[in-house]
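Just below is one structure, and these are the notes that go with it.
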Amino acid sequence: MRDGRIVAIVPVRAGSVRCPFKNSRPFGSASLLERKLKVLLQVKGIDEIIVSSDDLGMLALAAQYGVSIHVRPREFAASNELVSGSDFFEHLAVSACVGAEHIIYCVCVAPFVSKETYEDIIKLYCSGSDVYDSVATVTSEKDFIYFKGSPLNFVPEEAVNSQDLEPVSRLTFGACILSRNLMIQRRHCVGATPYLYEVDKLEGIDIDTTFDFIASELLVASNVVKESDISHFLDFQPPTMDFVKSQMPLLLDCTLRDGGYVNNWNHSLEFAVDAYRAISAAGYDYFEVGFRSDMLLFPPKSEFGTWAYCTDEICQRLKALVPSGCDLAVMVKMGSFGANDFVDAPASSVKMIRVLFPLYDENGKSLFSKELFSQCCLECRLLKDKGYIVSLNVACCEQLTHIVYEQICDSIVDCKAAITETGDIKFAAACVDILYIADTYGALSAESAKQLVRKLRFELICVQKCTGVKIGFHAHNNLGDGVDKTIAAVDGGAEIIDSCISGLGRGAGNVLSEQLIVRLHQKYAISTDVTLMKLGLLMGFSDRHIMAYSSFPFNERLRYGMAPLFAYTALLGIHPNYAEHLMQHYAGLPLKLCLTTLRNVQRVVLTNSTNNFSVDTLKTALRQVQYQSI
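In the numbering used here, the protein residues as written are 134 to 763.
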């Protein structure tokens with residue numbers, strides 16, 4: 134019997150020659166390091182988990198998970214001739230695992246080793262005899278192998294089938310356990326007489342190259358997380374639920390705020406209260422009540438209602454009427470508010486402030502302004518210092534380049550990671566809690582949404598070494614694929630998403646909460662009974678306040694719902710209000726002239742570099758097709 138303190142050491146380094154940033158870059162909805170920590174934290178028998186790294190971002194991530202960290206000197210984290218692998222193993226045992234009697238060496242690049250396998254290996258080691266001094270995972274390989282020019286495990290003149298070959302055991306490093314003293318003595322993670330613990334092909338995967346990384350990620354995308362899933366996949370059966378995907382993203386409802394575009398935010402208090410109750414009961418985390426605005430954004434003579442000017446008083450009243458409701462959020466638009474418009478968070482009913490940064494520069498052109506964005510970040514920092522959860526919403530995400538996104542990530546991380554002169558770690562910090570990207574014109578594809586979320590995660594974690602910022606995604610339904618791209622964004626790692634009941638919103642509307650709930654519950658294997666209950670709550674609100682009318686009640690201002698012209702404006706990259714205005718005011722315009730007009734609008738927009746909706750721009754485009762309103 135072996136007893137004593139068991140420490141799991143997880144080595145990760147900043148550099149990787151064959152697959153850059155492989156331990157921290159996006160791998161499905163989490164990084165390889167996150168996957169490993171989520172497994173190890175469930176393993177019985179481990180007394181402490183230590184992440185050893187020279188990467189401040191990975192150390193920050195480890196600290197978020199509540200595990201110990203070890204700052205590894207650069208010389209023990211680089212491929213060089215001065216420090217050997219033996220030096221590295223000895224360093225880990227001596228410097229990182231002080232106080233451990235036994236060490237279990239666990240690499241992130243073996244992402245499919247299960248909790249059960251770790252526990253079985255620990256049990257085997259602790260109850261084992263003196264016949265073996267360590268336990269190490271291996272796979273049994275039956276391949277025709279040459280070594281130094283000669284056959285290793287076969288005789289060419291006596292050909293056999295591959296399944297009849299003598300197996301070769303390959304060390305996977307998925308889990309290697311031995312005493313700390315032995316690791317120091319042998320300068321390796323495997324003893325002289327190891328018990329070779331055979332794992333299957335999936336658990337034996339060791340990611341070395343970019344090919345290995347992509348192939349493994351595709352397995353995760355197919356929900357293959359254990360060997361039996363492969364046979365299920367071939368037999369067309371549902372796979373096992375991936376433990377990493379077991380936590381749903383945060384949900385935000387924007388029925389009042391985004392849905393307010395269709396009636397100038399003139400919802401009744403009854404409408405707001407009923408929506409708040411339904412959304413809270415359906416399991417949403419945030420309820421966005423509307424805009425907080427000054428007269429610069431919405432002039433005094435406008436007909437905008439209560440929810441365009443969400444004061445603390447109206448938010449307090451709403452919270453008092455639904456005391457068990459989820460947290461409240463409001464949206465502000467850059468240039469129309471100041472942080473001083475808000476009291477300190479403890480005195481407010483509002484928990485989250487979403488700061489909208491539109492794609493307009495100082496001259497109103499559709500160009501990203503780094504100067505204006507820096508000003509926006511300053512306001513976000515002031516709001517965060519007041520105690521609010523701050524979400525920075527970037528509009529027109531499909532029109533920004535990767536270079537712009539790199540500038541955005543660099544700007545929001547206002548405190549860079551560093552090691553101080555005293556040797557202490559100063560983790561990176563950002564001026565926002567959430568970086569939210571909005572598919573403003575609805576033209577983004579599902580795959581593009583996924584890759585864009587991954588790009589932002591890579592920039593924040595791998596480049597900026599900042600792990601405290603969630604990525605959010607807001608989709609529009611102009612192409613009828615709002616739910617698809619929202620789910621794709623979640624697969625890419627988005628941690629907060631939003632929707633509206635019945636998709637309420639201008640143009641083709643937003644993601645339908647009813648559809649999103651069903652898709653999420655299917656994805657996360659939530660029971661049908663729970664899904665039906667939540668779906669019924671949302672449908673009940675819609676039936677009472679939206680669908681009960683023979684004529685949609687908000688049509689006084691804007692048409693609402695799917696229409697082919699909204700898909701057309703999405704693909705042209707122009708504001709959906711151009712299609713809206715044509716349908717409202719030029720009903721007699723033949724379709725061919727409609728499409729030509731929208732193309733003319735696109736040319737004007739590109740020429741002027743501005744994508745604000747303009748009636749004058751539309752009239753100019755109409756004159757070009759020689760059409761006058763009747």
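Backbone N, C-alpha and C define an ideal beta-carbon position, used for all residues, glycine too.
Measure the CB-CB distance between R639 and V395 and report whether it falls below 7 Å.
Here residue 639 refers to the residue found at position 506 when the sequence shown is read from its first residue. Here residue 395 refers to the residue found at position 262 when the sequence shown is read from its first residue. In this structure, V395 lies closer than 7 Å to R639 by Cβ.
Could you spell out where the beta strand (DSSP E) holding E598 opens and where it closes?
Within the sequence shown, the letter at position 465 stands for residue 598. Rather than Glu, the amino acid found at residue 598 in this sequence is Lys. Looking at the DSSP string, K598 is not in any beta strand (DSSP E), and its letter there is neither H nor E.
Are at least three pairs of beta-carbons, each pair with one atom in the stretch 154-174 and one in the stretch 252-261, less than 8 Å apart?
no
Quick check on this structure: which residue in K725, A480, M672 has the alpha carbon closest to the alpha carbon of L698?
Within the sequence shown, the letter at position 565 stands for residue 698. Nearest C-alpha to L698: K725.
If you drop the 5 nearest sequence neighbours on each side, which residues of the same chain put their C-beta closer than 6 Å to that of C443?
Position 310 of the sequence shown, counted from the first residue, corresponds to residue 443. The residues are V422, G423, R425, V463.
Would you grab the beta carbon distance between L525 and Y569 for me? Rounded to a whole angstrom, and I think it's under 8 Å.
For the purposes of this step, residue 525 is taken as the residue at position 392 of the sequence shown. For the purposes of this step, residue 569 is taken as the residue at position 436 of the sequence shown. At roughly 6 Å, the Cβ-Cβ gap stays under 8 Å, so L525 and Y569 are in contact.
S295: buried (16+ other C-beta within 10 angstroms of its C-beta) or exposed?
Stepping through the sequence shown from its first residue, residue 295 is reached at position 162. The residue in question, S295, is exposed, as its Cβ has fewer than 16 Cβ neighbours within 10 Å.
Can you look up V200 in the DSSP assignment and give me helix, strand or coil?
As a first step, residue 200 is located in the sequence shown; it is residue number 67 there, counting from the start. DSSP, read as helix, strand or coil, puts V200 in coil.
Endpoints, beta strand (DSSP E) assigned at S186:
Along the sequence shown, read from residue 1 onward, the residue named residue 186 stands at position 53. Counting along the chain, the beta strand (DSSP E) containing S186 begins and ends at 181-186.
Would you call the stretch 309-321 in contact with the stretch 213-228, where contact means no fewer than 3 C-beta pairs closer than 8 Å?
yes
Between which two residues does the beta strand (DSSP E) containing S524 stretch?
On the sequence shown, position 391 is the one that residue 524 refers to. First-last of the beta strand (DSSP E) with S524: 522-527.
Short check: CB of A243 to CB of D339, under 7 Å?
Here residue 243 refers to the residue found at position 110 when the sequence shown is read from its first residue. Here residue 339 refers to the residue found at position 206 when the sequence shown is read from its first residue. Yes.
Within 7 Å of any Cβ in chain D, is that where the Cβ of I552 sits?
Among the chains in the structure shown there is no chain D, since it carries only a single protein chain.
Near L189, which residues of its chain fall below 8 Å by C-beta distance, leaving aside the five closest residues on each side in sequence?
As a working mapping, residue 189 is identified with position 56 in the sequence shown. Taken in chain order, the residues that qualify are A550, A551, I552, I558, F560, A561, K598.
Rounded C-alpha distance that separates L298 from L335:
Within the sequence shown, numbered from 1, the residue matching residue 298 stands at position 165. Within the sequence shown, numbered from 1, the residue matching residue 335 stands at position 202. Each residue's Cα considered, the two are about 21 Å apart.
Assuming D631 contacts C448 (C-beta within less than 8 Å), just tell me the rounded distance between them.
Position 498 of the sequence shown, counting from 1, holds the residue named residue 631. Position 315 of the sequence shown, counting from 1, holds the residue named residue 448. With a Cβ gap of about 18 Å, D631 and C448 do not count as contacting.
R303, enclosing beta strand (DSSP E) - first and last residue:
Position 170 of the sequence shown holds residue 303. Note, R303: beta strand (DSSP E), 301-312.
Just checking, does the stretch 723-739 make contact with the stretch 749-757 on the three C-beta pairs under 8 Å criterion?
yes
C-alpha distance - Q175 paired with A193, whole-angstrom precision:
The residue given as residue 175 occupies position 42 in the sequence shown. The residue given as residue 193 occupies position 60 in the sequence shown. The alpha-carbon atoms of Q175 and A193 are separated by roughly 20 Å.
Cβ separation of Y574 and N610, assumed to be a contact under 8 Å, to the nearest whole Å:
Position 441 of the sequence shown, counted from the start, is the residue given in the question as residue 574. Position 477 of the sequence shown, counted from the start, is the residue given in the question as residue 610. Going by Cβ atoms, the distance from Y574 to N610 rounds to 11 Å, so no, they are not a contact pair.
Contained beta strand (DSSP E) runs [length at least 3] in the stretch 552-585, N- to C-terminal order:
If only complete runs of 3 or more residues are kept, the stretch 552-585 shows the beta strand (DSSP E) at 567-571, in order along the chain.
For I620, I'd like the list of residues in its chain whose CB is within less than 6 Å of its CB, leaving aside the five on either flank, ordered along the chain.
Start at 1 with the first residue of the sequence shown, and residue 620 comes out as number 487. Contacts found: R652.
Any idea what DSSP makes of C459, helix, strand or coil?
The residue you call residue 459 lines up with position 326 of the sequence shown. Of the three classes helix, strand and coil, the one that applies to C459 here is coil, per DSSP.
Buried or exposed: where does C509 fall if 16 or more other Cβ atoms within 10 Å of its Cβ makes it buried?
As a working mapping, residue 509 is identified with position 376 in the sequence shown. The residue in question, C509, is buried, as its Cβ has 16 or more Cβ neighbours within 10 Å.
Between which two residues does the alpha helix (DSSP H) containing F366 stretch?
For the purposes of this step, residue 366 is identified with residue 233 of the sequence shown, where counting begins at 1. Segment 360-367, the alpha helix (DSSP H) holding F366.
Quick check: the Cα distance between Y265 and K281, rounded to an integer number of angstroms?
Translated into the one-based positions of the sequence shown, residue 265 becomes position 132. Translated into the one-based positions of the sequence shown, residue 281 becomes position 148. About 30 Å.
Reduced DSSP secondary structure (H/G/I, E/B, other) of S212:
On the sequence shown, position 79 is the one that residue 212 refers to. S212: coil per DSSP, three-state reduction.
Of the listed residues S646, T664, E647, L645, nearest to H654 (C-alpha basis)
Residue mapping note: residue 654 aligns to position 521 of the sequence shown, counting from 1. Of the listed residues, the one whose Cα sits closest to H654 is T664.
Cβ atoms of I679 and S635: under 7 Å apart, would you say?
The residue you call residue 635 lines up with position 502 of the sequence shown. The residue you call residue 679 lines up with position 546 of the sequence shown. Yes. Within cutoff.
Straight-line gap, V301 to E291 (C-alpha atoms, nearest Å)
To locate residue 301, count along the sequence shown from 1; it is residue 168. To locate residue 291, count along the sequence shown from 1; it is residue 158. Taking the straight line from one Cα to the other gives about 18 Å.
Hey, which unbroken runs of the beta strand (DSSP E) at 3 residues or more fall wholly within the stretch 221-302?
Those beta strand (DSSP E) runs which fall completely within the stretch 221-302 and span 3+ residues are 235-238, 267-274.
For E436, does the count of other Cβ atoms within 10 angstroms reach 16, so buried, or fall short, so exposed?
Sequence index remark: in the sequence shown, residue 436 carries index 303 (1-based). Looking at its Cβ environment, which holds fewer than 16 other Cβ atoms inside 10 Å, E436 is exposed.
Beta-carbon proximity list for R158, same chain, < 7 Å, skipping 5 on both sides:
Position 25 of the sequence shown, counted from the first residue, corresponds to residue 158. If we look at R158 and ignore the five residues flanking it on each side, its Cβ neighbours are S164, F591, C595.
Just to confirm, is the Cβ distance from G337 to T272 under 7 Å?
Translated into the one-based positions of the sequence shown, residue 337 becomes position 204. Translated into the one-based positions of the sequence shown, residue 272 becomes position 139. The answer is yes: Cβ separation under 7 Å.
Going straight from the alpha carbon of Y330 to that of E234, what length do you get?
Taking the first residue of the sequence shown as position 1, residue 330 is located at position 197. Taking the first residue of the sequence shown as position 1, residue 234 is located at position 101. C-alpha separation (whole angstroms): 21 Å.
For N202, count neighbouring C-beta atoms within 10 Å of its own C-beta (all shown protein chains included) and say buried if the count is 16 or more, exposed if not.
Within the sequence shown, the letter at position 69 stands for residue 202. Asn is not the amino acid found at residue 202; the sequence shown has Ile there. The residue in question, I202, is buried, as its Cβ has 16 or more Cβ neighbours within 10 Å.
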